[in-house]
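Engineer:
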Amino acid sequence: MKVKALSRPVSAYQAAGSDVAKQPRNLDSALHPFERAREYQRALNAVKLERMHAAPFVGQLGRGHVDGVYSMAKDPNSLQHVASGSGDGVVKVWDLTDRDEAWHTTAHDNIVKGMDWTRDRKLLTVISVYDLERHTAAPEVLRWPTATDTITHVAFNYVETTVLASCSTDRSVVIYDLRTSTPVTKTVLSFATNRIAWSPMEAFNMATASEDHNVYLFDMRRFDRALNVLKDHVAAVMDVEYSPTGEELVTASWDRTIRLWNRDRGHSRDIYHTKRMQRVMAARWTPDSKYLLSGSDDGNIRVWRANASERQAVKSARHRQALEYNKALVDRFAHMPEVRRIKRHRHVPKVLKKAGEIKADEIKSIKRREENERKHSKKQFEKRKSEREKMVLAREK
0 MKVKALSRPV SAYQAAGSDV AKQPRNLDSA LHPFERAREY QRALNAVKLE
50 RMHAAPFVGQ LGRGHVDGVY SMAKDPNSLQ HVASGSGDGV VKVWDLTDRD
100 EAWHTTAHDN IVKGMDWTRD RKLLTVISVY DLERHTAAPE VLRWPTATDT
150 ITHVAFNYVE TTVLASCSTD RSVVIYDLRT STPVTKTVLS FATNRIAWSP
200 MEAFNMATAS EDHNVYLFDM RRFDRALNVL KDHVAAVMDV EYSPTGEELV
250 TASWDRTIRL WNRDRGHSRD IYHTKRMQRV MAARWTPDSK YLLSGSDDGN
300 IRVWRANASE RQAVKSARHR QALEYNKALV DRFAHMPEVR RIKRHRHVPK
350 VLKKAGEIKA DEIKSIKRRE ENERKHSKKQ FEKRKSEREK MVLAREK
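Count the sequence shown with numbering that gives the first Met the number 0 and you get residues 0 to 396, in order.
Okay, structure coming up:
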């Protein structure tokens, strides 16, 4: 009996310009048992390699400042320029491509606590406007009506450009509308707010960096309750900013760390620190959301990767497919105890770890005391307040 078999030369199905022969595979699941066990092992290996390759620190910009860095601003028309202000009144513009200083001036006699760029490439620092195209131009003085308490920060909405928010030393957060020239709403929180950041994608959402170590996300249409509370810092949060996509946040803290957050999660996804970095006063995303910038008390501006294990080198198609496959596996098995433990584990300084343990004990003690008070007083008949409502003390319209 004759048996006719299909036979094709390797050149018929081999990729052009490649000497790697394609191996025939039978994808029948019956021939490949223990698929889930193999994928779990691959996910475990992938998350281990991700932590092994994590190297978030890229470098610093130039020689930094003589004094601490207390404010930073990005050029909205460029990916490569960022400005910083220090405690001695010096303002510098940096070139992120060369990681070096591009321009500087002595703008003030004292600390520069706030700055921003305008669309026509002018740099606004507190009350002065400088034209970078004319280095010797005299500053234009702007004046804002005085308030009863010191206003520590003002932030304009990215979408509704006539809406702005301010925070004061009296623990209040006020929303203004320039079309009416009057405050829209005033909310008093339990602790002072150091910084306000608007979401670039959702005009009504904002984040506040608080003195009580937390970050609160609010909807300005309903200020009596927070959308989310971000808890992990062990000292006051000095700065906060949304990523350009609006899905993540970065915070700078007095505890000498910066943390990255998903806006829907209550705990940080990563923490960055170095031995020499002191109190971090400012943190910013780069416009492409690939890197972070931090300014600290030691006068340095540091550049970090937004994803610690990600590299920006050119990748082959095969490499990209492998990375996407590993990421999908890690996401699929993220609920498994071992994968979750490895993915969440971070080495932190001993001082920071100890402060976190002390804070956890204090919170536990406060909750126990509150429960005892409820059991033995009329408070047991009162409605409990959630964590998202506790910080709001009063609201005025």
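Backbone N, C-alpha and C fix where the C-beta goes; we use that ideal spot for every residue, glycine too.
From a predicted model like this one, the values you see are computed outputs, not experimental measurements.
1. What are the complete beta strand (DSSP E) segments, minimum 3 residues, inside the stretch 156-192?
2. For Asp99, which three-state DSSP category applies?
3. How big is the Cα-Cα spacing for Glu370 and Val228?
4. Can you tell me which residues form a DSSP beta bridge with Ser293?
5. Roughly how many whole angstroms lie between the Cα atoms of His318 and Tyr324?
6. Got a sec, what are the start and stop residues for the beta strand (DSSP E) Arg258 sits in?
7. Who are the Cβ neighbours of Glu247 in its own chain at under 7 Å, not counting the five residues just before and after it?
8. Have a look at Arg178, Thr151, Thr160 and Pro243 and flag the residue whose alpha-carbon is nearest the alpha-carbon of Ala208.
9. Between the Cα of Ile66 and those of Ser293, Asn213 and Asn299, spot the shortest distance and give me the residue it belongs to.
10. Enumerated in chain order, which unbroken segments of the beta strand (DSSP E) with a length of 3 residues or greater are wholly contained in the stretch 48-85?
11. Hey, would you say Thr161 sits closer than 7 Å to Asp148, going by beta carbons?
12. In whole angstroms, what separates the C-alpha of Ala225 from that of Phe217?
13. Do the CB positions of Val279 and Ala251 come within less than 7 Å of each other?
14. Can you have a look at Gly16 and say buried or exposed, based on whether 16 or more other CB atoms are within 10 angstroms of its CB?
15. Using only alpha-carbon positions, find the residue among Val350, Leu351, Asn156 and Ile357 that is nearest to Trp197.
16. Closest by CA to His334, which one among Val2, Val46 and Asp27?
17. I need the DSSP call for Ile195, collapsed to helix, strand or coil.
18. From Ala42 to Asn306, what distance separates their C-alpha atoms?
19. If you follow the alpha helix (DSSP H) that Asn227 is part of, which residue opens it and which one closes it?
20. State the Cα-Cα distance for the pair Gly294 and Arg331, rounded to the nearest angstrom.
21. Please report the straight-line C-alpha distance between Arg37 and Ser28, rounded to a whole angstrom.
22. Unbroken beta strand (DSSP E) runs of length 3 or more, entirely within the stretch 9-51: which are they?
23. Using a 10 Å radius around the Cβ and a threshold of 16 neighbouring Cβ atoms, would you call Asp231 buried or exposed?
24. Taking only three categories from DSSP, how would you classify Ala235?
25. Below 7 Å between beta carbons: does that hold for Val158 and Ala206?
26. According to DSSP, what are the bridge partners of Val391?
27. Select from Leu26, Leu48, Val2 and Lys3 the residue whose C-alpha is nearest the C-alpha of Leu328.
28. Under 6 Å: does the beta carbon of Leu188 sit that close to some heavy atom of the ligand NAD?
29. Less than 8 Å between C-beta atoms, sequence neighbours within five positions excluded: which residues of the same chain meet that for Leu188?
30. With a CB to CB cut of under 7 Å and the five nearest residues on each side skipped, what residues in its chain are close to Gly355?
31. Who are the Cβ neighbours of Asp74 in its own chain at under 6 Å, not counting the five residues just before and after it?
32. So the beta strand (DSSP E) Leu5 belongs to, where does it begin and stop?
33. Which term fits Leu141, buried or exposed, when burial requires 16 or more other beta carbons within 10 angstroms of its beta carbon?
34. Classify Ala14 as buried or exposed, calling it buried when 16 or more other Cβ atoms lie within 10 Å of its own Cβ.
35. Report, in whole angstroms, the separation of the C-beta atoms of Arg301 and Phe56, which I expect to be a contact under 8 Å.
Structural biologist: Reading off the structure:
1. Correct list: 162-167, 171-176 and 181-188.
2. Strand, per DSSP.
3. Cα to Cα, Glu370 sits roughly 22 Å from Val228.
4. Its beta-bridge partners are Ala282 and Arg301.
5. Approximately 10 Å between the Cα atoms of the pair.
6. Per DSSP, Arg258 belongs to the beta strand (DSSP E) from Ile257 to Asn261.
7. Taken in chain order, the residues that qualify are Leu259, Trp260, Asn261 and Arg262.
8. Of the candidates Arg178, Thr151, Thr160 and Pro243, Thr151 places its Cα closest to the Cα of Ala208.
9. Per the sequence presented here, residue 66 reads as Asp, with Ile not at that position. The shortest C-alpha to C-alpha distance from Asp66 to any of Ser293, Asn213 and Asn299 is the one to Asn299.
10. Taking only runs of at least 3 residues, the beta strand (DSSP E) segments lying wholly in the stretch 48-85 are 56-59, 68-73 and 80-85.
11. In this structure, Asp148 does not lie closer than 7 Å to Thr161 by Cβ.
12. Ala225 and Phe217: Cα-Cα distance of roughly 5 Å.
13. Result yes, Cβ atoms of Val279 and Ala251 sit closer than 7 Å.
14. Gly16 is exposed by the Cβ-count criterion.
15. Taking only the C-alpha atoms, the option nearest Trp197 is Asn156.
16. With distances taken between Cα atoms, His334 lies closest to Val46.
17. In the displayed model, Ile195 falls within a strand according to three-state DSSP.
18. Computed Cα separation, rounded: 18 Å.
19. Careful: Asn227 lies outside any alpha helix (DSSP H), inside the beta strand (DSSP E) at Asn227 to Lys230.
20. The alpha-carbon atoms of Gly294 and Arg331 are separated by roughly 37 Å.
21. Using only the alpha carbons, I get a separation of about 13 Å.
22. Runs of the beta strand (DSSP E) inside the stretch 9-51: none found.
23. Taking all protein chains in view, the Cβ of Asp231 is crowded by 16 or more other Cβ atoms within 10 Å, so the residue is classified as buried.
24. It is coil, neither helix nor strand.
25. In this structure, Val158 lies away from Ala206, with their beta-carbon atoms at least 7 Å apart.
26. DSSP, once it has assigned bridges, lists Leu188 as partnering Val391.
27. Proximity to Leu328 across Leu26, Leu48, Val2 and Lys3 peaks at Leu48, based on C-alpha coordinates.
28. Among the ligands in the structure shown, none appear at all, so the ligand NAD cannot be discussed.
29. Cβ-Cβ distances below 8 Å link Leu188 to Arg170, Ser171, Val172, Thr207, Ser209, Tyr215, Met390, Val391 and Leu392 in the same chain, with the five nearest sequence neighbours on each side left out; the list follows chain order.
30. The beta carbon of Gly355 sits closer than 7 Å to the beta carbons of Val233 from its chain, once the five residues preceding and following it are set aside; these are given in chain order.
31. The beta carbon of Asp74 sits closer than 6 Å to the beta carbons of His80 and Trp116 from its chain, once the five residues preceding and following it are set aside; these are given in chain order.
32. First-last for Leu5: undefined, no H or E at that position.
33. Below a pLDDT of 50, predicted positions are generally treated as unreliable, and Leu141, at 34, falls in that range; no measurement from the model is reported.
34. Ala14 should be labelled exposed.
35. Their Cβ separation, rounded to whole angstroms, is 7 Å, which keeps Arg301 and Phe56 in contact under 8 Å.
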